[in-house]
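Chains as they are written, first to last, in this note's numbering: chain P, 91 to 313; chain E, 91 to 313. Each residue gets a CB set at the ideal place from its N, CA and C atoms; glycine is no exception. These notes are about the structure you will find just below.
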């Protein structure tokens with residue numbers, strides 16, 4: 091017998107978000123714009139990764155960014171500083187974006203002249219995973235200091251993502267983080283998950299990720 | 091003019107959670123049990139900090155633990171292993187616990203013979219902060235790798251907490267983390283916030299935190 095009890099606490103859920111998300115994707119397809127939904131915990135390096143990703147792709151692609159946050163604008167400020175079109179979405183305390191909220195952002199940003207829009211979702215491994223935003227692909231970042239057990243504890247986000255960036259590999263020597271274990275756990279959740287170990291700070295591994303993303307955008311916008 | 095727009099996205103909110111939380115606190119007071127609500131991002135070291143905290147206090151206090159998680163039970167297993175009474179609360183995908191959910195947990199755990207109950211909340215800096223669980227004090231952990239800008243980006247949790255543990259200070263040399271800046275930002279949100287820099291891994295700084303907690307529990311259970 092276990093030494094602790096397991097209690098299931100439930101709550102009811104959502105409406106017609108999925109249909110709205112499909113409508114957004116169809117609109118983006120028509121105007122040849124790729125939307126990437128980027129998710130992670132707070133502090134895993136989303137904004138730094140995004141800055142490095144833009145540097146690698148901005149010669150080839152016209153890029154826009156939507157930063158979602160509870161109420162600060164430090165991330166949009168960082169993106170605007172490098173001259174990329176960006177908007178800050180304030181969720182008013184909410185922990186995620188749904189398709190309707192994403193659409194408001196896309197409309198404000200203006201997407202007709204963009205090849206790639208990145209939505210930097212609220213820092214959170216739970217709520218953002220529950221909502222299809224209308225993105226063409228979902229990416230998530232797990233950073234080395236967070237630990238390799240996270241696919242066990244936050245299963246849904248690993249299931250709904252197409253790509254997992256394992257960030258901050260430059261600090262691997264100082265943490266008990268097992269790269270093989272995290273691959274194993276993540277692939278238990280999602281066998282098709284693409285995994286790229288990277289360091290956004292040093293640049294290590296970043297080209298494999300940006301090459302993958304470039305290929306995805308080209309397939310979407312040219313097909 | 092800013093180079094990016096700020097858009098306020100809103101949603102309606104909750105019912106009578108605060109009254110329920112007050113009722114829970116009154117019940118705990120009557121039976122001389124202190125409830126600590128421990129919050130943080132995924133991977134900031136909640137469970138390790140809790141294990142070290144229990145080691146320091148278990149001679150003086152009778153302790154129980156409620157682990158809240160989406161659907162794993164690795165944390166309750168870790169706590170049960172050291173012989174402490176614990177239960178795992180599964181939130182069924184929800185990102186927080188409210189007072190009603192906490193009360194279900196307290197009832198299952200049984201609190202009459204306990205001095206201190208720790209609720210390890212879901213790993214998340216947004217949703218848990220929105221709900222009074224009925225705890226006597228709220229504590230949060232921010233770990234060095236997450237960055238010192240988090241009080242700017244997740245203001246509410248810093249506002250509602252009584253204590254901030256800055257964990258993983260053993261890896262300070264390898265991160266751009268400014269301890270003075272995080273103190274400044276956190277105190278902007280909450281001037282009365284108690285801040286303890288610690289390393290749950292090495293034990294550094296932990297006694298200041300556990301002394302503080304012991305004093306709080308004694309004040310609550312003896313007054």
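Using only alpha-carbon positions, find the residue among the options that is nearest to residue i.
i              : options                           : result
residue 186(E) : 137(E), 169(E), 298(E) and 161(E) : 161(E)
residue 189(P) : 170(P), 219(P) and 206(P)         : 219(P)
residue 315(P) : 292(P), 172(P), 291(P) and 111(P) : Past the edges of chain P, shown from 91 to 313, lies residue 315(P), and the structure says nothing about it.
residue 289(P) : 224(P), 146(P), 202(P) and 142(P) : 142(P)
residue 276(P) : 298(P), 294(P) and 250(P)         : 250(P)
residue 295(P) : 255(P), 198(P) and 120(P)         : 255(P)
residue 192(E) : 165(E), 177(E) and 299(E)         : 177(E)
residue 171(E) : 197(E), 150(E) and 140(E)         : 140(E)
residue 150(P) : 206(P), 180(P), 121(P) and 182(P) : 206(P)
residue 169(E) : 305(E), 144(E) and 285(E)         : 144(E)
residue 252(E) : 270(E), 231(E), 240(E) and 243(E) : 231(E)
residue 302(P) : 291(P), 285(P), 292(P) and 293(P) : 285(P)
residue 242(P) : 213(E), 270(E) and 106(E)         : 213(E)
residue 148(P) : 182(P), 198(P), 106(P) and 208(P) : 208(P)
Just how far apart, CA to CA, sit residue i and residue j?
i              : j              : result
residue 129(P) : residue 194(E) : 31 Å
residue 137(E) : residue 167(E) : 11 Å
residue 264(P) : residue 259(E) : 12 Å
residue 221(P) : residue 108(P) : 8 Å
residue 203(P) : residue 225(P) : 17 Å
residue 173(P) : residue 154(P) : 10 Å
residue 309(P) : residue 124(P) : 10 Å
residue 300(P) : residue 146(P) : 7 Å
residue 316(E) : residue 115(P) : Limits of chain E in this structure are 91 at one end and 313 at the other, which puts residue 316(E) out of reach.
residue 261(P) : residue 235(E) : 10 Å
residue 229(P) : residue 280(E) : 34 Å
residue 278(E) : residue 215(E) : 17 Å
residue 314(P) : residue 267(P) : Residue 314(P) lies beyond the residue range present for chain P, which begins at 91 and ends at 313; the question has no answer from this structure.
residue 313(P) : residue 165(E) : 47 Å
residue 287(P) : residue 257(P) : 6 Å
residue 246(P) : residue 184(E) : 11 Å
residue 133(E) : residue 118(E) : 30 Å
residue 272(P) : residue 113(E) : 42 Å
residue 237(P) : residue 217(E) : 22 Å
residue 223(P) : residue 248(P) : 16 Å
residue 70(P)  : residue 159(E) : What the structure shows of chain P is the stretch from 91 to 313, and residue 70(P) is not part of that stretch, so it cannot be assessed.
residue 304(P) : residue 292(P) : 21 Å
residue 233(P) : residue 135(P) : 7 Å
residue 239(P) : residue 121(P) : 40 Å
residue 180(E) : residue 131(E) : 17 Å
residue 307(P) : residue 196(P) : 17 Å
residue 175(E) : residue 163(E) : 14 Å
residue 152(P) : residue 311(P) : 12 Å
residue 210(E) : residue 244(P) : 15 Å
residue 270(E) : residue 198(E) : 42 Å
residue 106(P) : residue 182(P) : 22 Å
residue 274(E) : residue 227(P) : 38 Å
residue 297(P) : residue 297(E) : 45 Å
Identify the contact partners of residue i in chain P, using a Cβ-Cβ distance below 8 Å as the criterion.
i              : result
residue 258(E) : 235
Going along chain E, which residues have a C-beta under 7 Å from residue i?
i              : result
residue 220(P) : 183
residue 200(P) : What residue 200(P) touches in chain E: nothing, since even the nearest Cβ is about 10 Å away.
Mind pulling the chain E residues with CB within less than 8 Å of residue i?
i              : result
residue 127(P) : Per Cβ cutoff of 8 Å: no residues; residue 127(P) is ~16 Å from chain E at best.
residue 272(P) : What residue 272(P) touches in chain E: nothing, since even the nearest Cβ is about 12 Å away.
residue 261(P) : 235, 261, 264 and 265
Taking C-beta pairs closer than 7 Å, name the residues in chain P that residue i reaches, listed in chain order.
i             : result
residue 67(E) : This structure does not reach residue 67(E), given that chain E is present from 91 up to 313, and the question cannot be answered.
What are the residues in the region 228-254 of chain P lying within 9 Å of chain E by C-beta distance?
Residues of the region 228-254 of chain P that bring their beta carbon within less than 9 Å of a beta carbon in chain E comprise 232, 233, 234, 235, 236, 237, 239, 240, 242, 243, 244, 245 and 246, in sequence order.
Which residues of the region 282-302 of chain P have a Cβ closer than 7 Å to any Cβ of chain E? Give them in chain order.
Here the close residues number zero.
Identify every run of the beta strand (DSSP E) within the region 268-295 of chain E, keeping only runs that are complete inside it and at least 3 residues long; order them along the chain.
Those beta strand (DSSP E) runs which fall completely within the region 268-295 of chain E and span 3+ residues are 284-287.
Length at least 3, wholly inside the region 170-240 of chain E: the beta strand (DSSP E) runs in chain order:
Within the region 170-240 of chain E, the complete beta strand (DSSP E) runs of at least 3 residues are 175-180, 206-210 and 227-233.
Give me the subset of the region 133-166 of chain E whose CB atoms are less than 7 Å from a CB atom of chain P, sorted by chain position.
Of all residues in the region 133-166 of chain E, only 133, 159, 160, 161, 162, 163, 164 and 166 come within less than 7 Å of chain P when Cβ atoms are compared, listed by chain position.
For the region 202-215 of chain P, which residues have a beta carbon sitting closer than 9 Å to at least one beta carbon of chain E?
Flagged, chain order: 212, 213, 214 and 215.
Alpha helix (DSSP H) runs contained entirely in the region 146-172 of chain E, provided each spans 4 or more residues
164-171, all fully within the region 146-172 of chain E.
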